[in-house]
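A.B. asks: Attaching a single structure in structure tokens format; questions to follow.
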């Protein structure tokens, strides 16, 4: 019986094979006529007209290698090597030039009635700590960031390729890791100061009167005047603007593809150069531009005359709440710094 | 001197990946790095083509232009090479390269990509020709021995051509003329801004 079973299986297999061969034969016969290599060929130029990228499938785990051609890389190069150099140079040198013009025409904004010798606390130790965390981190980020764009033009010819490469590696890591204290510090400053930075009608008057920078008027202001509020919100927006694309750059290809990486770099760089220009003017006003202003972030104690001149409403508020009791007239509690 | 180029005849490529394997073996490339790769377009559809892609050794190389430490240089044979001693692993060359040629030994979080690695046209790097240190950093130096890159030499269908640009362009033109069609010299217009009749 077993042999019969084997024979039946053999016959069935043979019949199946014959049917398969008969069915396959016409297909094979049609094959040469059905292929039109001209019509079917994928041409590079057609694909590039359809899309900025030519993408396919590969057999290695690195999926970003499936992009076979992205001529947009040349556009990104044009941005990075030409436009960014011009924009960065114009913004930063422009801000410095404007500040120089302002300094030589207006000069340092003096305390009109001189130092009183009495001080009032403007920023406590925690506020100053948060500010200088952000400040130090920003200076590191700014210098190391500008190094990526301008270092090879300005510093490389001076110190040579080996030393510059060593510096650039350190600068890259410094840039990557000082971003964390920077963002954290800005979050803390935001929470500390957001309440006093909400725009009010007083700010409109401040802007109308030129903020005391143009002309000799001293429009009233609360703890932060309209200019400082503007800086505050620009810093918040600027930090979001550099930190979000910065995170994309810090974790390359985690969230996006090659085009997204290029866009992230463009946004990061453009906002960063404007940010540097903004902070240069902030540093100017906090040091050279205004007498007595640096004390606010230095010792935290500002001279009472300075406070009355620039933040009249804030002084009244502080005294009104009894936080700082007005000392007897003529008393010199703190030496004039 | 010759102007060295690669040309992939996509109508001949059978996606066997021998070029990829040959490159990895000849240059002893670390894990995760593919100096050459084969990408298939329209996979499983009419008009499917496979293209073997590596560094095209561009005339005006975008990678060299964007490098923040200027670690790239072009040899007398028009091969684009770089110095791993100077490379800082910033990854900018990958953003600029139209062909995705630069490779990095690590993923790159927090800027930790490591030194960039890419196709050297089998001609090493800035170290002394044929030295051990050159081999360890950059791989084989075949050009100095009068040999072409192994990927092209190994190609079973002679789809991938390496050599002087004029000669391989002529070979490709003859092929296209004889068989009557061609899908183009992939990447040439992007890399060299030349048009060749295809």
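Protein chains in written order, with my numbering: chain L, 1 to 337; chain A, 1001 to 1198. Even glycine gets a Cβ: it sits at the ideal position worked out from N, Cα and C. Just so it is clear, the structure is predicted and the values come from calculations on it, not from any experiment.
Under a three-way DSSP split, which group does residue 1115 of chain A fall into?
C.D. replies: Reduced to three states, the DSSP call for residue 1115 of chain A is coil.
A.B. asks: Can you name, in chain order, every residue of its own chain whose Cβ lies under 7 Å from the Cβ of residue 183 of chain L, other than the five neighbours on each side?
C.D. replies: So the list reads 239, 243, once near-sequence residues are dropped.
A.B. asks: Return the first residue and the last residue of the beta strand (DSSP E) that residue 119 of chain L is part of.
C.D. replies: Per DSSP, residue 119 of chain L belongs to the beta strand (DSSP E) from 119–121.
A.B. asks: Taking the alpha helix (DSSP H) that residue 1223 of chain A falls in, what are its first and last residues?
C.D. replies: Residue 1223 of chain A is absent from the structure shown; chain A starts at 1001 and stops at 1198.
A.B. asks: Do residue 300 of chain L and residue 294 of chain L count as a contact pair if the criterion is CB distance below 7 Å?
C.D. replies: No. Outside cutoff.
A.B. asks: In this structure, how does DSSP classify residue 1107 of chain A when only helix, strand and coil are distinguished?
C.D. replies: It is coil, neither helix nor strand.
A.B. asks: Determine the direct distance from the alpha carbon of residue 127 of chain L to that of residue 199 of chain L, and round the result to whole angstroms.
C.D. replies: When rounded, the distance between both Cα atoms is 21 Å.
A.B. asks: Beta carbons nearer than 8 Å to chain A: which residues of the stretch 306–320 of chain L have them?
C.D. replies: The stretch 306–320 of chain L vs chain A, Cβ under 8 Å: nothing.
A.B. asks: Does the CB of residue 1181 of chain A have a neighbour CB from chain L at under 7 Å?
C.D. replies: Chain L, which has a Cβ nearer than 7 Å to the Cβ of residue 1181 of chain A, makes this yes.
A.B. asks: When Cβ atoms are compared, which residues of the stretch 1072–1097 of chain A fall closer than 9 Å to chain L?
C.D. replies: Listed by position, the residues of the stretch 1072–1097 of chain A near chain L (Cβ gap below 9 Å) are 1083, 1085, 1086, 1087, 1088, 1089, 1090, 1091, 1092, 1094, 1095, 1096, 1097.
A.B. asks: Run through the stretch 73–121 of chain L for me and flag every whole alpha helix (DSSP H) of 4 or more residues, listed as ranges in chain order.
C.D. replies: Segments of the alpha helix (DSSP H) lying fully in the stretch 73–121 of chain L: 84–106.
A.B. asks: When you compare the CB positions of residue 1138 of chain A and residue 1157 of chain A, do they come within less than 7 Å of one another, or not?
C.D. replies: Going by C-beta atoms, residue 1138 of chain A is not nearer than 7 Å to residue 1157 of chain A.
A.B. asks: Quick one: grab the DSSP three-state call for residue 221 of chain L.
C.D. replies: Here residue 221 of chain L sits in coil by DSSP.
A.B. asks: Taking the alpha carbon of residue 139 of chain L as the point to measure from, which residue in L:272, L:110, L:108 has its own alpha carbon closest?
C.D. replies: Looking at the Cα atoms, L:272 is the closest of the given residues.
A.B. asks: Taking the straight line between their C-alpha atoms, what separation do you get for residue 349 of chain L and residue 57 of chain L?
C.D. replies: Not covered by the structure: residue 349 of chain L. The range shown for chain L is 1 to 337.
A.B. asks: So residue 1144 of chain A is in the beta strand (DSSP E); what residue range does that whole segment cover?
C.D. replies: Per DSSP, residue 1144 of chain A belongs to no beta strand (DSSP E) and is neither H nor E.
A.B. asks: Output the distance between the C-alpha atoms of residue 320 of chain L and residue 202 of chain L, rounded to the nearest integer angstrom.
C.D. replies: Roughly 19 Å between the two C-alpha positions.
A.B. asks: So, does the CB of residue 1174 of chain A fall closer than 7 Å to a CB anywhere in chain L?
C.D. replies: No, because no Cβ of chain L sits closer than 7 Å to the Cβ of residue 1174 of chain A.
A.B. asks: Leaving out the 5 sequence neighbours to the left and right, which residues in its chain are closer than 6 Å to residue 1088 of chain A when beta-carbon positions are compared?
C.D. replies: Within the same chain, residue 1088 of chain A has close Cβ partners 1069.
A.B. asks: Taking 7 Å as the limit between beta carbons, can you name the residues of its chain near residue 1092 of chain A, skipping five residues before and five after?
C.D. replies: For residue 1092 of chain A, where only same-chain residues beyond five positions count, the Cβ hits under 7 Å are 1066, 1067, 1068.
A.B. asks: Are the CB atoms of residue 1023 of chain A and residue 1155 of chain A within a distance shorter than 7 Å?
C.D. replies: For residue 1155 of chain A and residue 1023 of chain A, no; Cβs fall outside 7 Å.
A.B. asks: To which residues of the same chain is residue 134 of chain L closer than 7 Å at the C-beta, ignoring the five residues directly before and after it?
C.D. replies: The answer, listed in chain order, is 182, 185, 186, 189.
A.B. asks: So, do the stretch 1072–1086 of chain A and the stretch 84–100 of chain L have three or more beta carbon pairs nearer to each other than 8 Å?
C.D. replies: Short answer: they don't touch.
A.B. asks: Would residue 1065 of chain A pass as an interface residue toward chain L - the criterion being a Cβ-Cβ separation below 7 Å?
C.D. replies: So, interface residue.
A.B. asks: Please list, in chain order, all residues of the same chain as residue 1098 of chain A whose beta carbon is under 6 Å from its beta carbon, the five residues on each side excluded.
C.D. replies: Once the five neighbours on either side are set aside, the close Cβ partners of residue 1098 of chain A are 1190.
A.B. asks: Quick check on residue 1192 of chain A: buried or exposed, where buried means 16 or more other Cβ atoms within 10 Å of its Cβ?
C.D. replies: Counting Cβ neighbours within 10 Å, residue 1192 of chain A comes out buried, since at least 16 surround it.
A.B. asks: Closer than 7 Å, CB to CB, is residue 154 of chain L near chain A or not?
C.D. replies: False, the Cβ-Cβ gap to chain A never drops below 7 Å.
A.B. asks: Going along the chain, which residues of the stretch 63–74 of chain L sit with their C-beta nearer than 9 Å to a C-beta in chain A?
C.D. replies: Answer set for the stretch 63–74 of chain L: 64, 65, 66, 67, 68, 69, 70, 71, 72, 73, 74.
A.B. asks: Taking only beta-carbon positions, decide if residue 1164 of chain A is within less than 7 Å of chain L.
C.D. replies: No - not a single Cβ of chain L is within 7 Å of the one on residue 1164 of chain A.
A.B. asks: For residue 51 of chain L, decide whether its Cβ has a neighbour in chain A, counting only Cβ atoms nearer than 7 Å.
C.D. replies: So, not an interface residue.
A.B. asks: Put residue 1040 of chain A into one of helix, strand or coil per three-state DSSP.
C.D. replies: Three-state DSSP puts residue 1040 of chain A in a strand.
A.B. asks: Can you tell which of L:123, L:46, L:49, L:65 has the C-alpha that lies nearest to the C-alpha of residue 55 of chain L?
C.D. replies: Ranking the options by Cα distance to residue 55 of chain L, first place goes to L:65.
A.B. asks: Does chain L have any CB closer than 7 Å to the CB of residue 1110 of chain A?
C.D. replies: By this cut-off, residue 1110 of chain A is an interface position.
A.B. asks: Counting only beta-carbon atoms, is residue 165 of chain L nearer than 7 Å to chain A?
C.D. replies: Cβ-Cβ to chain A under 7 Å: yes for residue 165 of chain L.
A.B. asks: Go ahead and pull the three-state DSSP assignment for residue 1052 of chain A.
C.D. replies: Reduced to three states, the DSSP call for residue 1052 of chain A is strand.
A.B. asks: Count the other C-beta atoms from every protein chain shown that fall within 10 angstroms of the C-beta of residue 237 of chain L, then say buried if there are 16 or more, exposed otherwise.
C.D. replies: Classification for residue 237 of chain L: exposed.
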